[in-house]
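The structure appears right after this line, and notes come after that.
Residue numbers (my numbering): 2 to 1193.
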């Protein structure tokens, strides 16, 4: 920048060397003639050596240098900077003159002692070969791609050095970059077009001459008229290729030839000609054209799809047909298909019948998940980037892109159009992802080998391919990656598209829908779930006809993947030149009235008694192609289609969204013929046949009558009475009193009528409710030991390894040890303090996000609080935010809702197994367990490896997260099993996320409704930290913030995290206040009702933090009118963890911002959502105005 002449000369050399290149790689630099850049680098290192004073050396013995004695153990430095600027060795030594090195033998080898940028001798820097390519690449790229200038108003570059040994620049170098047009695009395109045109003219002349010399040869197929250079391309422009070619074939015949640029394209549009191409001349048409996508992305076409016909392709296809896509291998992935489809069914069920489901997105997500799990054994962590790369790769591999149509000019056109760069990016992402997977699976294989080996059903496709690679043969590492890439390209979009069109046709044909749904529901009548084994043995002929008809009208690839003629041959009396590109229009043949009656109608019955199938022997029906190049994935695809359709049509009745009268059947532009718009449908869950439900109800009623009879017979006349309660109905008991209401409010209202200790009968389950301070003391202190166990809930049994966690574990030795261990090692003050930096970093991040939103944009504090506490728990537990956190957290959230104890199977323990299946609760809990277990297993394995690495480095015990702590305790022996570790971490998420975020949401809501309280708290905080730019947790602990403590107490009084304390169960029969509590009764304390009871609190419904001034009430569970965290043996152990997060969040938000309601909103909505958590019903949206911190 200080020497424009040098800049111009260097930039000129670079741009001349790489003239018109869009990108420049290191190979280009090495091959180019760039002498001046080498001189420039030498001169830069002369004036600015990397280390001005070479790294100090030390003399071993006394020695003499230049007549002077150098003592032993003296430190020696060489001032390379001074030598490089010494006028004795360099003319104009302070000037920047790269030319001084022309014809000069001075170099970096350390043999010229006036030039020592890397030192010399034994201790010379060994990294020269590493450093120089980096310098060259950086300079070439910056000077080739941009013109540089100083910012406006800056006249000279500041060359001042920073104090220190490195001689770095003191100030940052700020420059303006103006992109260089390489060279003018229009000029490049014009030259390209002229060159292509000239080549075409030459080619036409040669062809014309050849025709005269071989006049007797058979003619080429007819075709539409052509334009110079582009040929027939204009006939396809802006149209759907398969439809445009069908229309052209109607004019020019079933075998026609188009000229697309330089490429002759032969199009087959009839059964007879398809048979000629795919059977008679199959060997001649068995190779693939050389497409740029295959060359760049797939290692020169090392996959099944793009690989040219030959020995390599034949062996690869045989191997894949036997080992990768064979019936046995496909069958081994049955559990994946069943799990993924069951997950989608539950997702649809959760949406509700009035909300449209995006079926298109659902099918695509499912197809991706199945291929990912089958290929990798799991969903890959950088899946989004990888899948986007695949999608881009597919769109660029059509064979209809400009560079592929002008092979002579392919290199130039690929650069000009940007296709080369795009494909290289795709290759980079795909290659790095698959390399990572291969290395990961090799590690797993080694581990399994060291133990008992890997079971066949544990193997995924990468494992199989690695094993075949290691056995020798022709399967290289690149072949493995190419085959897996094919699995994603051929096994995702095509399957999803077929399912999409199938559901679309069903919605347009109610008769077909009714017939197919009737067949499915009859076959699986009364079954709660349907697996693939059921489908295989079920009598479902109409399902197969339906799939055939869908693939007739909507083949996955309308134009079969292009082939290429190896030699010249004759088809139907026409000459097909060698190296012609051949496409078969399977879409047009499948709709041809010569072969199909009413071809445009959807009639599955047409295939009844018809021998037409997918094998490629019926040339009027080619959804998977035929001949040597037929799709090898048929056995993989059909089970996916079958299970998807059966599950969706068995479990749901489908309808169009309100106001939509017809399904849009428009196709998307492109070769895949996908739906243009997403398919949105409403799904109404299908109720399991009424007879089955009736039998269940009658069975439960009969059991209840028998139980009641036995109770009457065995009743002791002198026993105290049971607590009073509301009236009951047969079978369901008191359940109707709670239906459609918030449980804590409904129970408070019932207690007002029946007293502070009452008993309800929920199904078979006696439920005792304590709603006063006195009764709470009886339950939580006087009879604490008898009520210290938990009821056996289905969620704890299924999700948490039979209740291996703190929350669900029954009272006993295991629970006591686990609680002591967690209180000391996991949630103790020292451990909580070690996570201080996490709380500070996460809150600081949220503050910056709020600041960035601006004062006029409402901030969703509900979402922000949820994200904040989840991030805190994730980092404290795992050390980082986990890659598949979204799925894990969704599973945790669903698990919490199913662990309330108020679900039907938990209320009828005698019939729990049956009701769990009928209601779908067991399947839902098993899905949750699968997600939670696999995620936590992955985390445990990662942390185990990390601990081993730390042990090798002598760093055990540093930077530990909760998983590390628990693994350490597990390895020391004792009660902590691997399942215990996973259960404790699950408890951290269930108890430490929703509850904390809900408390923060209610706290801010109350502050917005109480401006006086807000002002008082904000003043206290801002006075305590006056003038501070940032506030840390240490500042909060050291400050005097009494009002903040009162605010938190009052928030938890009105809005306890769990309004109904987690249910307990009586171990033995006992008596409370003259009432008998039977053994195995379920006990809940209504902490919400007690916290609002006017007997204990003045103005109980008002938010008055001052009520806690000079009040000894606290969180310890010794004051039974105030129980936000419970009391007794089962009190929440996470108080020490939760309070710092509440304090930090409130301090930061009220210190940095002034808060207001959005424009037009008068009051904060305080309505509670339905459920046991008493969360806010609506998001809390507030506007934040940054507070200007006074400058001290």
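Every residue, glycine too, gets a C-beta built ideally from N, C-alpha and C. Quick caveat, the model's predicted, so the values are computed rather than measured.
Please report the distance separating the alpha-carbon of residue i from that of residue j.
i: residue 236; j: residue 529; result: 54 Å
i: residue 24; j: residue 299; result: 20 Å
i: residue 506; j: residue 590; result: 19 Å
i: residue 1043; j: residue 856; result: 29 Å
i: residue 747; j: residue 798; result: 29 Å
i: residue 696; j: residue 540; result: Per-residue confidence for residue 696 stands at a pLDDT of 48, beneath the threshold of 50, marking its modelled position as unreliable; no derived number is given.
i: residue 214; j: residue 611; result: Reliability fails at residue 214, whose pLDDT of 45 lies under 50, so the model's placement of it is uncertain and no value is given.
i: residue 1145; j: residue 878; result: 19 Å
i: residue 931; j: residue 942; result: 16 Å
i: residue 127; j: residue 108; result: 15 Å
i: residue 498; j: residue 936; result: 30 Å
i: residue 693; j: residue 527; result: The predicted model places residue 693 with a pLDDT of 47, which falls under 50 and marks its position as unreliable; any figure quoted below should be read in that light. Their backbone Cα atoms lie some 7 Å apart in a straight line.
i: residue 904; j: residue 921; result: 11 Å
i: residue 324; j: residue 390; result: 27 Å
i: residue 626; j: residue 423; result: 29 Å
i: residue 102; j: residue 405; result: 47 Å
i: residue 372; j: residue 548; result: 20 Å
i: residue 6; j: residue 45; result: 15 Å
i: residue 965; j: residue 940; result: 10 Å
i: residue 152; j: residue 48; result: 25 Å
i: residue 296; j: residue 1000; result: 58 Å
i: residue 238; j: residue 678; result: 21 Å
i: residue 121; j: residue 160; result: 28 Å
Are the beta-carbon atoms of residue i and residue j separated by less than 8 Å?
i: residue 608; j: residue 546; result: yes
i: residue 249; j: residue 258; result: no
i: residue 520; j: residue 500; result: no
i: residue 605; j: residue 513; result: yes
i: residue 558; j: residue 618; result: no
i: residue 774; j: residue 735; result: no
i: residue 269; j: residue 278; result: yes
i: residue 15; j: residue 144; result: yes
i: residue 168; j: residue 53; result: yes
i: residue 317; j: residue 308; result: yes
i: residue 368; j: residue 492; result: yes
i: residue 118; j: residue 50; result: yes
i: residue 1086; j: residue 771; result: yes
i: residue 1065; j: residue 791; result: yes
i: residue 588; j: residue 243; result: yes
i: residue 928; j: residue 343; result: yes
i: residue 648; j: residue 531; result: yes
i: residue 896; j: residue 800; result: yes
Suppose the cutoff is 8 Å on Cβ atoms and the five residues either side in sequence are ignored; what does the same chain contact list for residue i look like?
i: residue 326; result: 633, 634, 636 and 637
i: residue 442; result: 377, 378, 461, 463, 464 and 467
i: residue 1030; result: 1190
Per DSSP, which residues does residue i bridge with? Please list them.
i: residue 590; result: None, per the DSSP bridge assignment.
i: residue 70; result: 65
i: residue 1065; result: 1084
i: residue 80; result: 54
i: residue 179; result: 148
Please go through the same chain and pick out, in chain order, the residues whose beta-carbon is closer than 7 Å to the beta-carbon of residue i, but skip the five residues on each side of it.
i: residue 349; result: 358, 653 and 684
i: residue 4; result: 97
i: residue 260; result: 227, 232 and 233
i: residue 785; result: 1129 and 1130
Only counting the same chain, and skipping five residues up and downstream in sequence, which positions put a Cβ closer than 6 Å to that of residue i?
i: residue 1125; result: 1053 and 1057
i: residue 335; result: 533
i: residue 674; result: 559 and 668
Curious, which full-length beta strand (DSSP E) runs of at least 3 residues does the segment 492–572 contain? Every unbroken stretch of the beta strand (DSSP E) spanning 3 or more residues and falling wholly within the segment 492–572 is given here in chain order: 570–572.
What alpha helix (DSSP H) runs, 4 residues minimum, are completely inside the segment 794–856? As summarised for the segment 794–856, the continuous alpha helix (DSSP H) elements at least 4 residues long and confined to that stretch are 795–800, 814–822, 830–835 and 837–854, given in chain order.
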